[in-house]
Amino acid sequence: MSRNALMRGASAGALSFVVFSSAAAQEALPAIDISGEQRPAAGPSRGKLQPPNGKLQLDVASQTGSRLGLTPRETPSSVSIVDRATIEARGAQTTQEVIQRMPGVIASDPPGSAGSISLRGFGASSVTQMFNGITVQYDAIAGRPVDSWLYDRIELLGGASSYLYGQGAVGGAVNYVSKVATRGEERNEALLMGGMWFNRRASYGFNKQLDENNWLQFDLSYKGSQGWVEDSNHNSGAGSISWLTDIAPGLSNTVAVEFQSEQRDSYWGTPVPRPLGGTGTIAWGTFGLPVLDLKFDPGVRFKNYNSLKPVFDQQVLWARDITEYKLDEETSFKNTFYLYRADRQYQNVESYRYNATNTLIDRSGSFATRHVQSLVGDRLEATNATTLFGLESKTVAGIDFSLNQQTRNGGLESGLAVDTVEPYGYSAYKLYQDNPLATSYVGDARSKLYTLALFAENRLSLTPQLHLVTGLRWEKISLERFNYRIPTLPSASNPYGNPAYFGKGYEPITWRAALMYDVTREANVYVSYSTAADPPSGILLTNNAGGVRNFELTTGWQIEAGTKLDFWEGRGSATLAGYFIERNNVTTSDPANPNSVINVGKQSSNGIEANVGLQVLDNLSVQGNAAWINPKFESFEEAATIAGTTLRVSRAGNRPTNMARWIANGWITWDFLPDWQATFAARFVGDRFADNANTMRIPAYTTFDAGLSWRVTPNAKLTAMLKNMTDAAYVEWASGGTGPLLRLGQPRTVELSLKMTF
295 MSRNALMRGA
305 SAGALSFVVF
315 SSAAAQEALP
325 AIDISGEQRP
335 AAGPSRGKLQ
345 PPNGKLQLDV
355 ASQTGSRLGL
365 TPRETPSSVS
375 IVDRATIEAR
385 GAQTTQEVIQ
395 RMPGVIASDP
405 PGSAGSISLR
415 GFGASSVTQM
425 FNGITVQYDA
435 IAGRPVDSWL
445 YDRIELLGGA
455 SSYLYGQGAV
465 GGAVNYVSKV
475 ATRGEERNEA
485 LLMGGMWFNR
495 RASYGFNKQL
505 DENNWLQFDL
515 SYKGSQGWVE
525 DSNHNSGAGS
535 ISWLTDIAPG
545 LSNTVAVEFQ
555 SEQRDSYWGT
565 PVPRPLGGTG
575 TIAWGTFGLP
585 VLDLKFDPGV
595 RFKNYNSLKP
605 VFDQQVLWAR
615 DITEYKLDEE
625 TSFKNTFYLY
635 RADRQYQNVE
645 SYRYNATNTL
655 IDRSGSFATR
665 HVQSLVGDRL
675 EATNATTLFG
685 LESKTVAGID
695 FSLNQQTRNG
705 GLESGLAVDT
715 VEPYGYSAYK
725 LYQDNPLATS
735 YVGDARSKLY
745 TLALFAENRL
755 SLTPQLHLVT
765 GLRWEKISLE
775 RFNYRIPTLP
785 SASNPYGNPA
795 YFGKGYEPIT
805 WRAALMYDVT
815 REANVYVSYS
825 TAADPPSGIL
835 LTNNAGGVRN
845 FELTTGWQIE
855 AGTKLDFWEG
865 RGSATLAGYF
875 IERNNVTTSD
885 PANPNSVINV
895 GKQSSNGIEA
905 NVGLQVLDNL
915 SVQGNAAWIN
925 PKFESFEEAA
935 TIAGTTLRVS
945 RAGNRPTNMA
955 RWIANGWITW
965 DFLPDWQATF
975 AARFVGDRFA
985 DNANTMRIPA
995 YTTFDAGLSW
1005 RVTPNAKLTA
1015 MLKNMTDAAY
1025 VEWASGGTGP
1035 LLRLGQPRTV
1045 ELSLKMTF
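Each step along the sequence shown adds one to the number in my numbering, with nothing skipped, and position 294 is 588.
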């Protein structure tokens, strides 16, 4: 199907959906009296949160879809919000447990890139992960799951969005929005949780008014587990504190500090036995293999082949100073100074593969490194609402400057073989340092990334029903890399060498133009075009000279059409969107020279997303989302060994790794007695591939969760959660190559929690 035909079909489908739903809303239906402040009223009510797992959060201002303070309903893009109450109702204990149930998302935390996300057919560096609207430009690493207790909500923006947040957002953006001191109702709450695998959690927090002009917020949480995989203990602590002061009428200041500390004995994955062929086995990755399902031996489901007491730790500090000034009803200013520091340590044996007879497992990939990253920056923005030639107009414009630095210190034994072990009887018996070739951290490289950005957005109401929304961002990016090891000159085997220093500059310009038409007060349609810029390969901060020296940023664009509406006299809400995305100038390693990088073509994706929430009865709600995604390499070549010779092989038409065509999630919530609530959830993920050749297929899976809550007193609620109730043995994420590893999902787990308010 051509992209034009796709968008014509999506637009027609969206318009038909609106017309049908609007007509249905006007049919003679029995009047339904919905009482209580938590029940939806007919028509949108701006600023009001809906009850968990019922109607969609379309009418609260989003910090992610726009800087204009628009709600998801007013934004001509796909914006999803999971608020605090919904996070708790779903039993999501980490940020990643929240986002992997959002529309079209697959997420996992393999230790090498613990913030792995695929969205709209793109992943890795093509999905921006932000913390309070700030990207650390190291998203697949920095976005590793942390305790969700610290967060007020998590927001998702689908599609190209570099015009908002800078390079690295072709597939979309995730925004983790922290709790901060707020005016209004005070809170004082605590949570205790325990469960299988010695899962445990203890959290406490409050928001209180100190005096007429000061508010204080504090949250602290501990989370730990023995781990369902052997030798995968985990302990983490997270906390935040913020102080809001009203300095003068219209002038306020908020100081916010957060910290995270995590220690994890990491699980890298479960190896897959070699396929049978002829008189023996065939090595994975052999050219010409047919499509085969990746299946693991059930006898090693709970095995961990890492070293004893491996290291996968991090310590993170965030600090922000936010000053807001409201000059009058039309004009306001906001300045955000931000500081970030992260220290991450790794000492692991990362690769495991079966031998030629599938009787033993060879362990290799011994790797140690330490990353120290710091980010300091300042963002100033001004907002003005006025009339332009008699038309209502709202504009925000600003400047953002940041310095992002990372120092990497790695071991010298990277990738070496370690030993061969028996699959079933293995138990970690020696430390990483017991490897005679292991070294301590040795200086490797330091990167600096300077970014200056100018940005602007505008919403112009051409008529009371027709709105033009535009955005523009210009960036000046300077990358510097300092080599702490012995420099090497260019050679035939390494055409770029390893210089003592190199630098590179970029000046991307990205933008959006969109039209939204309000068919009724409750329903609209929109069409949007936006662009994005990505690193040519990997992440700018960690790239070597060969990865970026001779290449500009890749370019991407998206066209999207959709609708957002309420129906059934305000009891239901829905969104529907169709899109086409293209990313150009993708690079990969040169098959003829692994130290060199070549431009291999482009990648595209088209799809449809639907999100529906319905308050069926006063005590019964249903919510669900579904996505059909068609990602593929338009033109792409990678190295393949054929008869002992390494050649460039086309992967055009193939699906990128870990991308499913179908993803769906659903929830049912039933208040069957005054103090009792039952919940049921389901998730389906279609089949995927672990390699670009599309010969290693990851089977589709379905999981089910159930919960039962009892409000013991008005201030205490006891909840039992049964996760993966059928004990499905499924693959959450996978890597291919000659030794594919499957990161398995959590088995059936029971947890009991007590939430208290004071």
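Positions of the beta carbon are idealized from the N, C-alpha and C atoms, including for glycine.
Remember, predicted model here, so these are calculated numbers, not experimental data.
Beta-bridge pairing of residue i - partner residues as DSSP gives them
i     : result
W437  : Per the sequence presented here, residue 437 reads as Gly, with Trp not at that position. Beta-bridge pairing links G437 to no other residue.
F861  : G866
I375  : E449
N703  : R664 and G737
G1001 : T973 and M1015
E932  : V943
E686  : T681
S647  : Ser is not the amino acid found at residue 647; the sequence shown has Arg there. Per DSSP, D656.
D713  : R657
W768  : L748 and I803
D615  : V549 and F631
G531  : Y516 and S555
I541  : According to DSSP, which records beta bridges pairwise, I541 is partnered with nothing at all.
Beta-carbon proximity of residue i to residue j, cut-off 8 angstroms
i     : j    : result
L1035 : Y646 : yes
F978  : W961 : no
L773  : L762 : no
V712  : L654 : no
E449  : N469 : yes
T539  : N508 : yes
S658  : L710 : yes
L725  : L602 : yes
G953  : P993 : Before going on, a small fix: residue 953 reads as Met here, not Gly. For M953 and P993, no; Cβs fall outside 8 angstroms.
A920  : A946 : no
Y432  : V471 : no
Y632  : L545 : no
R638  : T701 : no
P405  : W562 : yes
G453  : I875 : yes
Residue range of the beta strand (DSSP E) that includes residue i
i    : result
T380 : Counting along the chain, T380 falls outside any beta strand (DSSP E), though it belongs to the alpha helix (DSSP H) covering R378 to A383.
L450 : Y445 to G452
Y516 : N508 to S519
L748 : V736 to S755
Y599 : Here Y599 belongs to no beta strand (DSSP E), and DSSP marks it neither H nor E.
S822 : A817 to D828
S420 : It is not in any beta strand (DSSP E) - S420 carries neither H nor E in the DSSP assignment.
P717 : No beta strand (DSSP E) holds P717; DSSP gives it neither H nor E.
K589 : It is not in any beta strand (DSSP E) - K589 carries neither H nor E in the DSSP assignment.
I400 : V399 to S402
Q503 : N493 to D505
R991 : M990 to I992
S560 : Premise fails: S560 is in no beta strand (DSSP E) and is neither H nor E.
Supposed contact pair residue j and residue i - C-beta distance, whole angstroms, cut 8 angstroms
i    : j    : result
R806 : Y795 : Incorrect: roughly 37 angstroms between the Cβ atoms, too far for contact.
R414 : G460 : In fact, because the Cβ distance is near 18 angstroms, the residues do not count as touching under 8 angstroms.
A613 : V566 : Contact flag wrong, Cβ pair sits at about 44 angstroms.
F512 : R481 : That belief does not hold up - the Cβ atoms of F512 and R481 are roughly 11 angstroms apart, past 8 angstroms.
R378 : R447 : 6 angstroms
S360 : D441 : Not really, about 28 angstroms apart at Cβ, beyond 8 angstroms.
T677 : V690 : 5 angstroms
E928 : Q897 : 6 angstroms
7 angstroms Cβ shell around residue i - same chain, five flanking residues per side excluded
i     : result
M1050 : E483, A484, N1009 and A1010
R1005 : D969 and K1011
Residue i - containing alpha helix (DSSP H), residue span
i    : result
I393 : T389 to I393
L458 : S456 to Y459
Own chain residues within Cβ distance below 6 angstroms of residue i, not counting five before or after
i     : result
L1016 : A1000 and V1044
G918  : V906 and G960
L1048 : L486 and L1012
A401  : Q390, I393, Q394 and I411
L766  : A750 and W805
G799  : S772
T429  : T422 and Y459
A418  : A434
P324  : With a pLDDT of 36 at P324, under the threshold of 50, the predicted position of this residue should be treated as unreliable, and no value is reported.
S420  : V464, G465 and D828
P439  : T388, T389, Q390 and D403
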